[in-house]
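Counting with our numbering, you get residues 738 to 1126 for the letters of the sequence shown.
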Amino acid sequence: MTNNSKITRLLTELESRRTRHLYRRTHIADSPQQPHMTIDGKPMLVFCSNDYLGLANHPDLISAFRQAANEYGVGSGAAHLVSGHSRPHQQLEEALAAFTGRERALLFSTGYMANLGIVNALLTNRNDLVYADRLNHASLVDAGLLSGAKMVRYPHNDMVSLGKRLRAQEADTALILTDGVFSMDGDVAPVKKLALLAREHDAWLMVDDAHGIGTLGETGAGLLEAEGLSQDDVPILMGTLGKALGTAGAFVAGSNDLIEYLIQTARTWIYTTAQPPAIAAATLASLKLVQSENWRREHLQALIKQFRTGATQLGLPLMPSATPIQPILIGSSEQAMHLSRKLEESGILVTAIRPPTVPPNTARLRVTFSAAHTAEDVERLLTALEKHY
Ligand SMILES: Cc1ncc(COP(=O)(O)O)c(C=O)c1O
């Protein structure tokens, strides 16, 4: 293939994405993560961040970050098994284990890498089976595909179908994979039933609670805390730090044996530079606020209620979600883009989520709330939606 024809192929794909209203672009922020931001040079009221508790720009996190940067510098310099595992990393792993009620936790640099690393460490051949909810996050899908295990996808939250699929085949190792809170829908997985099925079929159960950690449960320990599920019920809990905890990175929590095994085998943990120690120190500060400032979750719930009541009165197609992810289902990518653009013109940023992130014909505005939003912010969103929907 000549250079020209290679580039032509790329340009054809880009053009096709444009005509199908699937083209994506970045926005440039000139302010911290918070409801009122400067984006692309304009003031914007933002309803699409995952900073659910409003901690990304909290003074306690900034001060912990600064102090650790003074003490440890900026870069971690190496992988955890080399010289990159610092005291703040160790303290954070211990704090995360205590927070989630698990024996031990292991830090990863991102949630995407955590999912790839955990799944690929556990599944090693074609006689292994991975059972994945159809609406799982892309990183779980990719983790299953990369593992080389046979991938069985079951209809969203359909436990009868999952049960049938589990009965249909024998596996060397079986792993059930699910989002805790579904990232683009906001509903939650039936984790109690999943735990029973996993036990019945001697399968591993892994819950990716990226959006539940911080937002659900009495102390913010997520969906499994809210549902009272222990390490025995759900042996693999994965959570991210870049959303409600306001920093960056991820962790897996489980038994000491599981974590030791991952330390020896999870390639995305072994062969990568540890996250900066100052991030771990900031996350420790964040964990304290998550656990002690219950008002953040209470305020979030009040905002969600206010939005759902107002949106229902306006006849907006909401989805069945009780979490800070409150999508408005539009269907066509073109219409979702149109509405997103109109809101942007009114100074409100809500991104349109389109295929392949969501299934065909289910494009949506993924509205998210933060404890830093006010009732007036929500009112402004509702007024703009009334005008433009
Ligand atoms: C459910 C879920 N899992 C994993 C990830 C990836 O986490 P990270 O952004 O830390 O890579 C995300 C989103 O980013 C997510 O929504």
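Even glycine gets a Cβ: it sits at the ideal position worked out from N, Cα and C.
None of these values were measured; they are calculated from a predicted model.
Measure the Cβ-Cβ separation of residue i and residue j and say whether it is below 8 Å.
i, j, result
"residue 842", "residue 1021", "no"
"residue 1074", "residue 1066", "no"
"residue 926", "residue 915", "yes"
"residue 758", "residue 1091", "yes"
"residue 1077", "residue 1121", "no"
"residue 1028", "residue 846", "no"
"residue 840", "residue 992", "yes"
"residue 955", "residue 928", "no"
"residue 829", "residue 844", "yes"
"residue 856", "residue 838", "no"
"residue 1068", "residue 1098", "yes"
"residue 892", "residue 898", "yes"
"residue 982", "residue 951", "yes"
"residue 797", "residue 1040", "no"
Exposed or buried, what is residue i when buried is set at 16 or more other beta-carbons lying within 10 Å of its beta-carbon?
i, result
"residue 782", "buried"
"residue 1046", "exposed"
"residue 909", "exposed"
"residue 1061", "buried"
"residue 971", "buried"
"residue 744", "exposed"
"residue 1107", "buried"
"residue 905", "exposed"
"residue 1050", "exposed"
Is any heavy atom of ligand 1 found at a distance shorter than 7 Å from the C-beta of residue i?
i, result
"residue 857", "no"
"residue 947", "yes"
"residue 916", "yes"
"residue 987", "yes"
"residue 760", "no"
"residue 1036", "no"
"residue 920", "yes"
"residue 786", "no"
"residue 984", "no"
"residue 789", "no"
"residue 874", "yes"
"residue 979", "yes"
"residue 894", "no"
"residue 959", "no"
"residue 848", "yes"
"residue 852", "yes"
Check the DSSP bridge columns for residue i and list the partner residues they point to.
i, result
"residue 865", "Its beta-bridge partners do not exist; DSSP assigns none."
"residue 1101", "1066 and 1090"
"residue 1008", "Its beta-bridge partners do not exist; DSSP assigns none."
"residue 998", "BP columns for residue 998 are empty, so no partner."
"residue 779", "776"
"residue 941", "912"
"residue 881", "Answer by DSSP bridge pairing: none, since residue 881 is not bridged."
"residue 887", "866"
"residue 1080", "Paired residue(s): none; residue 1080 is not in a bridge."
"residue 1115", "None, per the DSSP bridge assignment."
"residue 987", "845 and 977"
Closer than 8 Å by C-beta to residue i: which residues in its own chain qualify, once you throw out the five before and the five after it? Chain order, please.
i, result
"residue 818", "1000 and 1007"
"residue 811", "1013 and 1015"
"residue 1010", "812, 813, 814, 815, 816, 821 and 846"
In its own chain, which residues sit with a C-beta less than 7 Å from the C-beta of residue i, not counting the 5 before and 5 after it?
i, result
"residue 1109", "771, 772 and 791"
"residue 827", "none"
"residue 1004", "854 and 857"
In chain order, what residues of the same chain have a beta carbon less than 6 Å from the beta carbon of residue i, not counting five sequence neighbours either side?
i, result
"residue 953", "959, 960 and 963"
"residue 788", "770, 983 and 1107"
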